[in-house]
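Q: Take any residue in the sequence shown, note its place counting from 1, add 1137, and you have its number in this note's numbering.
For each residue, glycine too, the CB sits at the ideal point set by N, CA and C.
The model shown is predicted, which means the values in this text are computed figures rather than measured ones.
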Amino acid sequence: MKLLLREEEVQRKVRQLARKISRDLAGKEVLLVGVLKGAFIFMADLARRMRSPVKMDFVRLASYGSGTVSSGRVKITKDLETSLKGKEVLIVEDIIDTGVTLQYLFRRLKARKPRSLRTVALLDKPSRRKVRFQPDYVGFTIEDLFVVGYGLDCNEEFRNLPGIYVLK
Ligand code: PRP
1138 MKLLLREEEV
1148 QRKVRQLARK
1158 ISRDLAGKEV
1168 LLVGVLKGAF
1178 IFMADLARRM
1188 RSPVKMDFVR
1198 LASYGSGTVS
1208 SGRVKITKDL
1218 ETSLKGKEVL
1228 IVEDIIDTGV
1238 TLQYLFRRLK
1248 ARKPRSLRTV
1258 ALLDKPSRRK
1268 VRFQPDYVGF
1278 TIEDLFVVGY
1288 GLDCNEEFRN
1298 LPGIYVLK
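#1: For residue 1201, collect the residues of the same chain with a Cβ closer than 8 angstroms to its Cβ; drop the 5 residues on either side in sequence, then sort them by chain order.
#2: What residue does the alpha helix (DSSP H) around residue 1238 start on, and which one ends it?
#3: In angstroms, rounded to a whole number, what distance separates the CA positions of residue 1196 and residue 1171?
#4: So does residue 1239 have its beta carbon nearer than 8 angstroms to some heavy atom of ligand 1?
#5: Three or more C-beta pairs closer than 8 angstroms, one from the region 1216-1229 and one from the region 1245-1261: is that the case here?
#6: Does the distance from the CB of residue 1173 to the CB of residue 1215 come in under 9 angstroms?
#7: Is DSSP giving residue 1232 helix, strand or coil here?
#8: Output the distance between the C-alpha atoms of residue 1206 and residue 1217, rounded to the nearest integer angstrom.
#9: State yes or no: is the C-beta of residue 1230 nearer than 8 angstroms to some heavy atom of ligand 1?
#10: Helix, strand or coil: which one does DSSP assign to residue 1139?
#11: Tell me residue 1302's beta-bridge partners as DSSP assigns them.
#12: Where residue 1166 and residue 1302 are concerned, what is the direct C-alpha to C-alpha distance, given to the nearest angstrom?
#13: Is residue 1193 helix, strand or coil by DSSP?
#14: What I want to know is whether the C-beta of residue 1161 ends up closer than 8 angstroms to one or more non-hydrogen atoms of ligand 1.
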């Protein structure tokens, strides 16, 4: 494993993102929607740095068809427990790769009539994009590398690492 982003770099970025998002929301309450499992650590840190009042909920998605996300077919396997109607909502993702997951979730949640719907991804791999989708906020733009740590796994391992590593 090779270190890509040190814990301090990640934390600094999370603080910057929280500051920018809070500023854009101008003190309004926001519902953070974490996409399980990968986003849970990022969301926990982001939530604690936000200056706006925060509520939290989670969704879990699964790809089906050929068994890979790139098949482009996604479904919600654990839905939100909160209504989005009239709320300021921020979808929190650890990583955007093909864009299929976020695009699907964005469309599904938009239909529930939130007041606003924004997206944040800590990591972005634009070279892997299969659909046109760009998050409103991105932490780090990275090459097409297999990364683990800070919520990201390889067969469920390494999610608890405080930094982000490239698996070789
Ligand atoms: C990862 C990540 C995103 C998705 C991004 O989840 O957390 O949800 O893949 O890929 P895409 O842009 O190509 O759709 P993963 O399926 O690894 O599940 P996990 O978060 O439970 O580890």
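A: Result, derived from the coordinates:
#1: Beyond the five residues adjoining it in sequence on each side, residue 1201 comes within less than 8 angstroms, by CB distance, of 1208, 1210, 1211, 1212 in the same chain, given in chain order.
#2: Start and end: 1237-1247.
#3: It is roughly 6 angstroms from the alpha-carbon of residue 1196 to the alpha-carbon of residue 1171.
#4: Answer for residue 1239: yes, Cβ within range of ligand 1.
#5: With contact defined as three or more Cβ pairs closer than 8 angstroms, the region 1216-1229 and the region 1245-1261 are in contact.
#6: Contact annotation: residue 1173 and residue 1215 have beta-carbon atoms nearer than 9 angstroms.
#7: In the three-state reduction of the DSSP assignment, residue 1232 falls in the strand class, which pools E and B.
#8: Any reading at residue 1206 needs caution, since the residue's pLDDT is 49, under 50, leaving its predicted position unreliable; the model's value is listed next. Roughly 21 angstroms separates the two Cα atoms.
#9: Checking every heavy atom of ligand 1 against the Cβ of residue 1230, one is found closer than 8 angstroms.
#10: Here residue 1139 sits in strand by DSSP.
#11: Beta-bridge partners assigned by DSSP to residue 1302: 1140, 1285.
#12: So the alpha carbons of these two residues sit roughly 34 angstroms apart.
#13: Secondary structure at residue 1193: strand, using DSSP grouped into helix, strand and coil.
#14: Taking 8 angstroms as the cut-off, the C-beta of residue 1161 does not count as close to any heavy atom of ligand 1.
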